[in-house]
Amino acid sequence: MGDALKLSEARGATAAGVISAIAGDAARLREDQETAVAALCEPNARVLVVQATGWGKSAVYWAATAIRRSEGAGPTLVVSPLLSLMRDQVAAAGRAGLRAATLNSSNFDAWNEIESDLRSGAIDVLLVSPERLANPGFGRRVLVGLAGQIGLLVIDEAHAVSDWGHDFRPDYRRVSDVLQKLNPQTPVLATTATANTRVTEDVAHQLGASTLVLRGPLARSSLQLAVVNALSPLDRFAWVVDHLPKLPGSGIVYTLTVADAQRLASAIQEVHGAAVPVAAYTGGLEAGEREFLEDALRENRLKALVATSALGMGYDKPDLGFVVHVGSPPSPVSYYQQVGRAGRGIDHAVVALLPSDADAGVWDYFATATIPVPEHVNRLLAGLSAYGPDQPATVPSLEAETGLRRGRVELMLKQLAVDGAVERVEKGWVRTDAEWTFDAAHYDGIVAVRRREADIMRAYTRGERCLMQLLQESLDDPTAEPCGRCSVCLGLLPDPLTAAPDPETVQAITRQLRGETHVLEPRKMWPGGAFGAKGKIPPALLADPGRTIVYADAPEWREVLRSVFGDTPDPAHVEALKAGCVAALSRWRDAWSRRPEIVIPLPAAGHRGLTTAVADHLAEIGRLGRTELTLHPSSLDEGLSSAEEAKVWRDSIEVDPTTTQAITTRSVLLVVDASSSQWPITVAAAKLREAGAAAVLPLLIHRRP
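With the numbering used here applied, the sequence shown has no gaps in its numbers, which climb one by one up to 708 at the end.
Here it is as structure tokens:
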């Protein structure tokens, strides 16, 4: 079928003009690209392109758009996942002679003008995010007006449509709503570089039975893959600090968590300063800051961005010289997608993976993070039953109503919308008449797939066979074969990846990272639900902003934590932790609302001996008073909602008369061993304030992820 699809002479001339404008006078559509463009020029076409990064997928839809617009078709609607991708595509469309625009959170002031130009036909291409498609206001203003007029629909990074994919996004399923509103004759193109056979079949099924699938080889001859093994989490930081100046050109250093991105960037800056300019890049940055950093790397004003997967899809820098992963992603598919940013327009790029046994915990989290928990879903649906079309539920109101955390509420609402059990309206969410059932077999299958992918990554890190071949096979590429240039094929690590980190670098980074300040912002809302009280916590019961010694899986404290929270703590590690607490108090001093006068330990995670030892030490060093809370036995089962956990702590913590007398009108330093929710701190602070404490300053030893 594909071989028979050719462009007519007139269409070929239009496409050639687009390609030469994008890639130079000598550039032409390849045969497989022409097949895709020719198919999209036919009514009701459905085309899925699965090709390696750099193959030229965007050239297909620019050429098809130019042809269709020249023949009187309406504008192209491109669904893209990331702002950086949209900006690159707007620029590329301009080079192709097309006028493109995007509606996103960073250009709100231009929306009216863009929407007017869209209605008048002045815009050839509109780029939107899947989240924008799911917005009812956008649907009312824009999509309704475009119904029946869209000339071409493009679904970029289409693996995100499938919940079998490595980056499933529920909002992407809203693309099906657009399909239903389209003129049935409107062609649809879906593109991705990261879809195995199962995902390809799922996406093709969603597009329609007649979908033309164009799939090519996924090997990348410009990439030299390597695994640098036998490094501790802190050694990995030091390896990056030592080796970054030697890596070719500029590139990306990926981390698994936001905290690691920020800490590693800080360590590099501390050691190298302006000589090796880097910046942290995470999804939490404002759109303008992300845009600035993307341009800085693209223009080689930065040696590297230290990034989370927020920089995974869509970032286009053809001469990116290296990609380093500090920690292994949980999926070979997502890993392939991220390393695919490198070496697109150059002959050689270095790709290094620095794994650790600490990665497994992150993998376990990602394996189940998006799987709905039936009990939580039913609780959310029950909470929604109190709302209706005249008064839809908001996410904050559902958080307070159900006791579920806000991020979990948002994800479940999107998943339930895909299943038709809830509907997003302009002012919130409402329940539909559709019943919701938990498809256990389906979700068990997804978890099994993710765990198999984690096993593949373990094999990759062990270097059992050719690294590129293994990645290709994970994507069901039938052309997979040994690459001859990775660290496994060569039998040694290619320079400059041979040297272990300098021990002095390890020590310098340890000192620097342990000296960082981590502010612990207090909770300001009661959870409602089983706890009873909801809404704002009265100011007279609030804790002050506190400090955290160890944030999440901080590598500089990893060995210390293992020891002090173990059965037989190493005295040297206990002393190191005490010193860290004293140093944190010293840095905190200028921000105190009032100097602490009395210390109280709270063994929220059950480490009474450690918490007491730290509290005693701080009391001695700071010449502070000491007293205790009364803790009644309680059971903190896993999976408790916020409201249930807060209720347990309210029932467990007591401020007896002796402690009340000791803290009245005084400032309390509350020493807590570990917590992820902060409810023990929040409840204890409220009880202490209620008993007469003038202020409560929490010092949390470990803020668990």
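Ideal placement from N, C-alpha and C gives every residue a C-beta, glycine not left out.
In the displayed model, residue 265 falls within a helix according to three-state DSSP.
Positions of the alpha helix (DSSP H) runs, each at least 4 residues long and wholly inside the region 347 to 404, are given as 362 to 371, 377 to 387 in order along the chain. Minimum Cα-Cα distance from residue 657 among the listed residues 677, 636, 675 corresponds to 636.
Apart from sequence neighbours up to five positions away, the residues of its chain that approach residue 604 with a beta-carbon distance below 6 angstroms are 614, 615, 618, 674, ordered along the chain. Within the DSSP bridge table, the entry for residue 529 names 538 as partners. As for any alpha helix (DSSP H) of minimum length 4 sitting wholly inside the region 582 to 623, there is none.
With contacts defined by Cβ atoms closer than 8 angstroms, residue 692 and residue 600 do not form a contacting pair. Separation of residue 54 and residue 473 (C-alpha to C-alpha, rounded to the nearest whole angstrom) is 17 angstroms. The distance from the Cβ of residue 700 to that of residue 475 is about 55 angstroms, inconsistent with a contact at the 8 angstroms cut-off. Residue range 114 to 123 is occupied by the alpha helix (DSSP H) that includes residue 114.
In the structure shown, the three-state DSSP call for residue 548 is coil.
Rounded to the nearest whole angstrom, the C-alpha separation of residue 548 and residue 687 is 14 angstroms. Assignment of residue 153 by DSSP, reduced to helix, strand and coil, places it in the coil class. Taking the CA atoms as reference points, residue 402 sits about 7 angstroms from residue 412. With contacts defined by Cβ atoms closer than 8 angstroms, residue 377 and residue 415 do not form a contacting pair. Ranked by Cα distance from residue 419, the first of 452, 373, 31, 159 is 373. Here the region 274 to 287 does not lie against the region 390 to 398, with fewer than 3 beta-carbon pairs under 8 angstroms apart.
The C-beta distance from residue 161 to residue 195 rounds to 5 angstroms, short enough to meet the 8 angstroms contact threshold. Bounds of any alpha helix (DSSP H) do not take in residue 258; it lies within the beta strand (DSSP E) bounded by 254 to 258. Secondary structure of residue 271 (DSSP, three-state): helix. For residue 36, the enclosing alpha helix (DSSP H) covers residues 34 to 43.
Residue 36 places its beta carbon less than 8 angstroms from that of residue 59.
Nearest in C-alpha terms to residue 695, of all of 649, 544, 683, is 544.
Pairing residue 212 with residue 92, the inter-Cα distance amounts to about 29 angstroms. A Cβ-Cβ distance of about 19 angstroms is found for the pair residue 223 and residue 203, leaving them out of contact under the 8 angstroms criterion. Segment contact: the region 444 to 463 against the region 564 to 574, fewer than three CB-CB distances shorter than 8 angstroms; contact not assigned. Contact between residue 284 and residue 244 is absent: CB atoms are separated by about 18 angstroms, not below the 8 angstroms threshold. The Cβ-Cβ distance between residue 429 and residue 124 does not fall below 8 angstroms. If you look at residue 76, you'll find it isn't in any beta strand (DSSP E); DSSP assigns it neither H nor E.
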